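Trainee: Right, I'll just put the structure down here and ask away after.
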Amino acid sequence: MQKDDILDEELEKLIPDYSNLLDTEVVFESDLGRVEMSIREILSLQRGSIVDLKKPAGESAEVYVNGRIIGKGEVMVYEKNLAIRLNEVLDANSLIYYLTKEH
Numbered sequence: 011m012q013k014d015d016i017l018d019e020e021l022e023k024l025i026p027d028y029s030n031l032l033d034t035e036v037v038f039e040s041d042l043g044r045v046e047m048s049i050r051e052i053l054s055l056q057r058g059s060i061v062d063l064k065k066p067a068g069e070s071a072e073v074y075v076n077g078r079i080i081g082k083g084e085v086m087v088y089e090k091n092l093a094i095r096l097n098e099v100l101d102a103n104s105l106i107y108y109l110t111k112e113h
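Just so you know, the sequence shown maps onto residues 11 to 113 in this note's numbering.
Written as structure tokens, this is what we have:
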């Protein structure tokens, strides 16, 4: 039996008919970093201000679907836009499990 056949059987057990889920829209997001600031610091922000996210350049960014982590990637510029190049992704079983798990 091939790996794909085993995966299909496991998905069938988890979700008897998941084909209807394939066109479901989800929220894809990535967290570049966070910083705590006082209201005084926020009010002093102006055009050109820099907010240090305390994250080294080149470090991986977590990738989430519907608020659940699905992997990690690196931030890059693609056609003049910020993008995420995925470097690590959860395996299909884990991905389906997390996407269908209720909050």
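Backbone N, C-alpha and C fix where the C-beta goes; we use that ideal spot for every residue, glycine too.
Every value quoted in this text rests on a predicted model; they were computed, and no experiment measured them.
With a 10 Å radius around its C-beta and 16 neighbouring C-beta atoms as the bar for buried, classify N87 as buried or exposed.
Mentor: Before going further, note that residue 87 is Val rather than Asn in the sequence given. Looking at its Cβ environment, which holds fewer than 16 other Cβ atoms inside 10 Å, V87 is exposed.
Trainee: For E69, report the span of its beta strand (DSSP E) as first-last.
Mentor: Segment: none, E69 is in no beta strand (DSSP E) and carries neither H nor E.
Trainee: Applying the criterion that 16 or more other CB atoms from any shown protein chain within 10 Å of the CB defines a buried residue, is I52 buried or exposed?
Mentor: Result: exposed.
Trainee: Starting from the C-beta of V85, find all residues in its chain whose C-beta is less than 7 Å away, skip the five residues before and the five after it, and write them out in chain order.
Mentor: Cβ neighbours of V85 beyond the five flanking positions: L42, A71, L92, I94.
Trainee: Using only CA atoms, which one of S40, V61, I80 lies nearest to N103?
Mentor: Of the listed residues, the one whose Cα sits closest to N103 is I80.
Trainee: Opposite R78 in the DSSP bridges: which residues?
Mentor: Paired residues: V75.
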